[in-house]
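In the UniProt record's numbering, the protein residues as written are 1 to 265.
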């Protein structure tokens with residue numbers, strides 16, 4: 001698994017980055033891993049993995065069994081409870097997202113920017129069997145897609161150009177900056193964005209910003225948040241798109257009042 005921090009960084013930063021690489025090797029489907037598997041998944045030297053496992057086990061985050069397997073530790077119980085409390089979408093907002101999913105037939109997601117990517121922080125799945133599938137916690141590219149365009153459009157103008165260049169360079173796609181700038185400019189001008197098949201062929205996304213107004217006491221999140229719907233392109237016909245835009249905007253206005261995950265404030 002690729003680290004989000006530079007391995008060339010020295011001292012504690014590199015150690016923390018590598019520790020997260022070890023933790024990210026585990027998943028709900030793989031709660032127990034051998035050292036050889038951790039070495040393969042992280043790409044780290046065996047001696048480094050052994051040292052990190054020993055440190056994490058001492059903190060209760062991992063456990064080393066007599067069978068040589070490494071498992072998640074009990075310390076994660078408290079961390080999981082804290083994480084859930086911090087990132088759970090308030091029930092009135094989640095109910096509104098479910099209503100939008102039922103109205104449009106498409107998956108509804110909340111996105112925020114994390115560095116050079118966008119992260120799903122809340123979701124209401126489409127009621128249809130054929131649907132857009134992402135999960136809360138998924139990190140997606142910031143270089144393509146309607147949600148990416150709207151998120152970048154919400155950045156401060158004096159910082160946006162530099163950020164777009166960084167995102168384009170990070171994407172690894174030659175010439176990515178120009179279409180990214182066009183998409184962001186259109187999102188700013190229109191107040192919403194749509195993209196077809198950019199991240200995944202046959203999938204369409206439509207996104208709008210969530211703009212809380214603190215003049216009536218509504219809390220304003222510490223960073224930009226975007227509301228989006230996504231689904232098969234065949235269902236995003238020209239005659240449906242205007243209605244989708246209106247429905248998503250109304251939902252965004254309601255969520256601005258009913259609230260976002262506590263960690264965003």
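The beta-carbon is built from N, C-alpha and C at its ideal position, and this holds for glycine as well.
- Looking at the DSSP output, residue 194 shares a beta bridge with 206.
- Residue 61 and residue 15 have their C-alpha atoms roughly 15 Å apart.
- If you keep only unbroken beta strand (DSSP E) runs of at least 3 residues inside the region 102-155, you get 107-114, 117-124 and 139-141.
- If you draw a straight line from the Cα of residue 74 to the Cα of residue 215, it is about 44 Å long.
- Around the beta carbon of residue 129, a 10 Å sphere encloses fewer than 16 other beta carbons of the protein chains shown; the residue is thus reported as exposed.
- If you draw a straight line from the Cα of residue 25 to the Cα of residue 56, it comes to about 14 Å.
- In summary, residue 142 is buried, with 16 or more beta-carbon neighbours lying within 10 Å of its beta-carbon over all protein chains present.
- CA-CA distance, residue 237 to residue 226, rounds to 22 Å.
- Cβ-Cβ separation between residue 197 and residue 208: approximately 20 Å, too far for a contact (criterion under 8 Å).
- Beta-bridge annotation (DSSP): residue 229 is paired with 108 and 206.
- In this structure, residue 193 lies near residue 149, with their beta-carbon atoms less than 7 Å apart.
- Collapsing the DSSP output to three states places residue 59 in coil.
- Annotated as distal: residue 144 and residue 181, with beta-carbon spacing of 7 Å or more.
- Nearest to residue 250 by alpha-carbon distance, out of 97, 30 and 54, is 97.
- For residue 38, the enclosing alpha helix (DSSP H) has its first and last residue at 35-42.
- In the DSSP secondary-structure assignment, residue 70 is bridged to 33 and 64.
- For residue 27, the beta-bridge partners assigned by DSSP are 30.
- Contact between the region 96-110 and the region 250-264 is present, with at least three C-beta pairs closer than 8 Å.
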